[in-house]
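Quick note, the sequences are listed as chains A and B, same order. Here the first sequence is numbered in the numbering used here, starting from 423 and rising by one per residue. Here the second sequence is numbered in the numbering used here, starting from 423 and rising by one per residue. Every residue, glycine too, gets a C-beta built ideally from N, C-alpha and C. Scroll down for the structure; my scribbles are underneath it.
Number of protein chains: 2
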Amino acid sequence: MNPAPLYVVGLGPGDAALLTPQAAAMLDAAQTIVGYRLYVDLISPERLRGKNVVTTGMRREADRCNAAIDAALAGSPTAVVCSGDAGIYGMSGLIFELLEARDLADAVPVTIAPGVPAVCAAAALLGAPLMHDFACVSLSDLLTPWERIEQRLEAALAADFVLALYNPRSKGRDWQLDRALELARRHRTPETPVGLVHKAYRPDQQTLIRPLRDFCGTDADMLSLLIIGNTTTRVTAERMVTPRGYAVTSGA
Amino acid sequence: MNPAPLYVVGLGPGDAALLTPQAAAMLDAAQTIVGYRLYVDLISPERLRGKNVVTTGMRREADRCNAAIDAALAGSPTAVVCSGDAGIYGMSGLIFELLEARDLADAVPVTIAPGVPAVCAAAALLGAPLMHDFACVSLSDLLTPWERIEQRLEAALAADFVLALYNPRSKGRDWQLDRALELARRHRTPETPVGLVHKAYRPDQQTLIRPLRDFCGTDADMLSLLIIGNTTTRVTAERMVTPRGYAVTSGA
Numbered sequence: 423m424n425p426a427p428l429y430v431v432g433l434g435p436g437d438a439a440l441l442t443p444q445a446a447a448m449l450d451a452a453q454t455i456v457g458y459r460l461y462v463d464l465i466s467p468e469r470l471r472g473k474n475v476v477t478t479g480m481r482r483e484a485d486r487c488n489a490a491i492d493a494a495l496a497g498s499p500t501a502v503v504c505s506g507d508a509g510i511y512g513m514s515g516l517i518f519e520l521l522e523a524r525d526l527a528d529a530v531p532v533t534i535a536p537g538v539p540a541v542c543a544a545a546a547l548l549g550a551p552l553m554h555d556f557a558c559v560s561l562s563d564l565l566t567p568w569e570r571i572e573q574r575l576e577a578a579l580a581a582d583f584v585l586a587l588y589n590p591r592s593k594g595r596d597w598q599l600d601r602a603l604e605l606a607r608r609h610r611t612p613e614t615p616v617g618l619v620h621k622a623y624r625p626d627q628q629t630l631i632r633p634l635r636d637f638c639g640t641d642a643d644m645l646s647l648l649i650i651g652n653t654t655t656r657v658t659a660e661r662m663v664t665p666r667g668y669a670v671t672s673g674a
Numbered sequence: 423m424n425p426a427p428l429y430v431v432g433l434g435p436g437d438a439a440l441l442t443p444q445a446a447a448m449l450d451a452a453q454t455i456v457g458y459r460l461y462v463d464l465i466s467p468e469r470l471r472g473k474n475v476v477t478t479g480m481r482r483e484a485d486r487c488n489a490a491i492d493a494a495l496a497g498s499p500t501a502v503v504c505s506g507d508a509g510i511y512g513m514s515g516l517i518f519e520l521l522e523a524r525d526l527a528d529a530v531p532v533t534i535a536p537g538v539p540a541v542c543a544a545a546a547l548l549g550a551p552l553m554h555d556f557a558c559v560s561l562s563d564l565l566t567p568w569e570r571i572e573q574r575l576e577a578a579l580a581a582d583f584v585l586a587l588y589n590p591r592s593k594g595r596d597w598q599l600d601r602a603l604e605l606a607r608r609h610r611t612p613e614t615p616v617g618l619v620h621k622a623y624r625p626d627q628q629t630l631i632r633p634l635r636d637f638c639g640t641d642a643d644m645l646s647l648l649i650i651g652n653t654t655t656r657v658t659a660e661r662m663v664t665p666r667g668y669a670v671t672s673g674a
């Protein structure tokens, strides 16, 4: 049997209103849906009906991706789902890594469906904190040495990037965010706005904007995303706003 | 008359298949659509029918945003449209800035619709070049001094971020990308993959993956986005892939 298409689908933050028609069409075309349980739960039950659904727990990414590759090889059109975008801390890279390792890079036709990433969802709810140059850093040191992560935080803060922090805290990683905030305090004034969005566009969504001075690591968890402003970011009417540029001219 | 809602809508890269249902609903609810001509042209003519459409040329962002604020104040539900996401080099920040300057921050109800940003669209077409920590930098020095931009490029390259370059080149800005590539060559090997996507998900879309050694500034234009790999990015089966982490363990 010929291999079937393998789709890597960014679901967006979770709300069906932010699922692109392309992603929806790929989910509908798939016979097999593979993903971390929490992400598969973002898909409406009607959309999953009659499909072969393969879920596993956290940290079993390679198992999931191999299962998806096997399903596509066996002729079942397959969608691997990710929350947010498929390519930002998502599954698209691992799919290509595993296809290469299994010498199947040319054997399985892969299409990536980009999605609304968590950083854009959070930004839209906070106001306009990105606007200008920004950096995304994951605080998870499971696959990256902490020294490297810290080097990136330092570099981004020193060069006045707006800084988005993915995976700020989990049960097993409880000091990394405090360390990141400590670094931020060296490069930003105490008044710099920090925005936190918990479960963007899902039930129990929460947003919080607080000066860096008052922000606590315990405000965040695994389902939160943090945005630390650059030196120009300010709060206006309870929104976190980074002006577009440094040399604002009238009428520009 | 009470002010009407003001929507700031990220259209995604252009293809209707990547327009979120939320964004589509806001466009449909709006009586006035405001945007740069090139972006308004991304919306289907049926969707614009019967609406008051306000377009201006480039660099008239403040005029456009003020016109949108005026329309909403006059009671017309209004959508300001941006390509990609509404908050990444988009219009959301300028809307808040102008509302504040006009002392209208609490007077006009603003909702931001996040979209699939250009960087995710480009990444999906190139393979999986982001995957890990990345930075977005605009090479436009219209509103930001070049020294600041160069400082950010240096910082992101030195800390081994994947680096996405927005606005790499225009008729009036023809040396900035060459300078950015020169900086990249100091921090990356000549084999480092550079991906370029021109008009992602639009007619005449083009993608190009080339080693940094062979990449020319003239390969890009204003409708292109560039992604420079980090030190681990490689090409497999004509895809640009950045592995997820540095400490890959079997079965992780």
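A straight-line Cα-Cα distance of about 31 Å links residue 493/A and residue 563/A. The segment 495-515 of chain B and the segment 466-479 of chain A do not touch, with fewer than 3 CB-CB distances between them shorter than 8 Å. Under the Cβ criterion of 8 Å, residue 629/A is not counted among the residues facing chain B. The residue from 466/A, 635/A, 531/A and 540/A with its alpha-carbon nearest to that of residue 645/A is 540/A.
Near chain A, meaning a CB-to-CB distance below 8 Å, the residues of the segment 514-529 of chain B are 514, 515, 516, 517, 518, 519, 521, 522, 527 and 528.
Taking the Cα positions, residue 587/A is about 36 Å away from residue 466/B. With contacts defined as CB atoms closer than 8 Å, residue 616/A and residue 544/A fail to qualify as a contacting pair.
Between residue 441/B and residue 455/B, the C-beta gap is not smaller than 8 Å, which leaves the two residues out of contact. Bounds of the beta strand (DSSP E) holding residue 620/A are 615-620.
From the listed residues 433/B, 498/B, 434/B and 437/B, the smallest Cα separation to residue 424/B is found for 498/B. Residue 426/B has its alpha-carbon roughly 35 Å from the corresponding atom of residue 636/A. In the pairwise beta carbon analysis, the segment 558-573 of chain A is classified as touching the segment 595-608 of chain A: at least three pairs are separated by under 8 Å. Note on geometry: alpha-carbon atoms of residue 659/A and residue 652/B lie some 39 Å from one another. Taking CB atoms only, residue 644/A has no neighbour in chain B less than 8 Å away. For the pair residue 534/A and residue 430/A, the CB atoms are nearer than the 8 Å cut-off. Annotation for residue 531/B: 427 place their beta carbon closer than 6 Å to its own, counting only its chain and skipping 5 residues before and after. Cα atoms of residue 609/A and residue 661/B: separation of roughly 37 Å, rounded to the nearest angstrom. By the Cβ neighbour-count rule, residue 628/B is exposed, with fewer than 16 other Cβ atoms within 10 Å of its own. Taking CB atoms only, residue 553/A has a neighbour in chain B less than 8 Å away. Rounded to whole angstroms, the gap between the alpha carbons of residue 448/A and residue 641/A is 36 Å.
Residue state for residue 588/A is assigned as strand, using DSSP reduced to three classes.
Assigned with DSSP and collapsed to three states, residue 424/B falls in coil, not helix or strand.
Per DSSP, the unbroken beta strand (DSSP E) holding residue 501/A starts and ends at 500-504.
Residue 537/B belongs to the set of residues whose beta carbon lies under 8 Å from a beta carbon in chain A. Close to residue 558/A, with beta-carbon spacing below 7 Å, are these residues of chain B in chain order: 555 and 556. A direct Cα-to-Cα measurement between residue 549/B and residue 663/B gives close to 6 Å. Spanning the alpha carbons of residue 604/A and residue 574/A requires a straight line of approximately 14 Å. The closest CA to that of residue 546/A, considering only 649/A, 483/A and 438/A, is found on 649/A. Pairing residue 510/A with residue 537/A, the inter-Cα distance amounts to about 10 Å. The three-state secondary structure of residue 513/A, taken from DSSP, is coil.
Classified as exposed, residue 611/B has fewer than 16 neighbouring CB atoms from the shown chains inside 10 Å of its CB. A straight line joining the alpha-carbon of residue 503/A with that of residue 589/B spans about 31 Å.
In terms of beta-carbon proximity, residue 490/B stays away from the interface with chain A, with every pair separated by 8 Å or more.
Take residue 437/B, set aside five residues on each side of it, and the residues of its chain with a beta-carbon closer than 8 Å to its own are 623 and 624, in chain order. In the DSSP assignment, residue 532/A falls within the beta strand (DSSP E) that extends over 532-535. The Cβ atoms of residue 500/B and residue 446/B do not sit closer than 8 Å to each other.
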